[in-house]
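Scroll down for the structure; my scribbles are underneath it.
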Amino acid sequence: MAKGKYEYWITPEGLLKIEGWARDGLTDEQIAENIGISRSTLNMWKNRYSDISDTLKRGKDVIDLQVENALLRRALGYEYKEVKEKYEYGKMTEKTVTKKEVVPDVTAQIFWLKNRKPEKWRDKPEYEDHSAIDKLDEIIKGLKHNADNPK
Numbered sequence: 001m002a003k004g005k006y007e008y009w010i011t012p013e014g015l016l017k018i019e020g021w022a023r024d025g026l027t028d029e030q031i032a033e034n035i036g037i038s039r040s041t042l043n044m045w046k047n048r049y050s051d052i053s054d055t056l057k058r059g060k061d062v063i064d065l066q067v068e069n070a071l072l073r074r075a076l077g078y079e080y081k082e083v084k085e086k087y088e089y090g091k092m093t094e095k096t097v098t099k100k101e102v103v104p105d106v107t108a109q110i111f112w113l114k115n116r117k118p119e120k121w122r123d124k125p126e127y128e129d130h131s132a133i134d135k136l137d138e139i140i141k142g143l144k145h146n147a148d149n150p151k
């Protein structure tokens, strides 16, 4: 089998490999390299063979969801237990469980909000109602006119 032949890659075994690579976080370029084809050929295959496109999407959805969950957890903060065990002569002599807290991360919160609600949280929000801005423009023009034409 030639490494880049699409026939192999649309079999259950080939699709399983592709999905695994996508789930592992590989980019389309890296997946194409693993298959032995160019990125443009992979894009062509995605357009021609829905099995390949669907498999890549399914694999990427898994890892994307894990990253989203980790980001949300970091943004909100969380608690966890740290377990320390002390052994002497092969037997556990002491076990300490400490409850620890990871405080909410403001940077993660900002990132989450800017991406989930960009219309409200982006750095430069766009406003539908420009009446206040128009009024300020008129005031500024009036002030400039008065400065240029003193009485």
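According to UniProt numbering, the stretch in the sequence shown is residues 1 to 151, in order.
By construction, the Cβ of each residue, glycine as well, lies at the ideal position given by its N, Cα and C atoms.
Quick caveat, the model's predicted, so the values are computed rather than measured.
Residue i versus residue j - alpha carbon distance
i	j	result
Glu-7	Ile-37	13 Å
residue 232	Trp-121	A question about residue 232 goes unanswered here, because the residues of the chain that appear run from 1 up to 151.
Lys-86	Val-102	25 Å
Ala-147	Ala-132	23 Å
Val-97	Tyr-78	16 Å
Trp-21	Lys-5	18 Å
Asp-24	Val-67	12 Å
Asp-61	Lys-144	56 Å
Glu-13	Tyr-80	39 Å
residue 224	Asp-129	The structure shown has nothing for residue 224, since the chain only spans 1 to 151.
Met-1	Asn-34	Here the model assigns Met-1 a pLDDT of 44, short of 50, so the residue's position is not dependable and the matter cannot be decided.
Lys-124	Lys-46	36 Å
Gly-142	Lys-57	57 Å
Met-92	Lys-84	10 Å
Pro-150	Leu-113	49 Å
Residue environment, residue i, which counts as buried when at least 16 other CB atoms sit within 10 Å
i	result
Glu-19	buried
Gly-90	exposed
Gly-59	buried
Thr-55	buried
Ile-140	exposed
Leu-136	exposed
Leu-65	exposed
Anticipated Cβ contact below 8 Å, residue i with residue j, distance rounded
i	j	result
Leu-16	Ala-32	The Cβ separation is near 17 Å, so there is no contact.
Glu-82	Lys-100	5 Å
Pro-104	Leu-76	6 Å
Residue from the options whose Cα sits closest to the Cα of residue i
i	options	result
Gln-109	Thr-11, Thr-55, Ala-22 and Ala-70	Ala-70
residue 152	Glu-29, Asn-34 and Tyr-49	With the chain covering 1 to 151 only, the question about residue 152 has no answer from this structure.
Trp-9	Asp-24, Arg-74, Arg-48 and Thr-27	Arg-48
Thr-11	Asp-51, Val-67, Ala-22 and Lys-124	Asp-51
Phe-111	Leu-143, Lys-141 and Leu-72	Leu-72
Ile-63	Thr-27, Val-106 and Leu-113	Thr-27
Thr-107	Thr-93, Asn-149, Arg-74 and Pro-150	Arg-74
heavy atom of the ligand NAD below 6 Å from residue i C-beta
i	result
Trp-21	Ligands in the displayed structure: none, and consequently the ligand NAD is not present.
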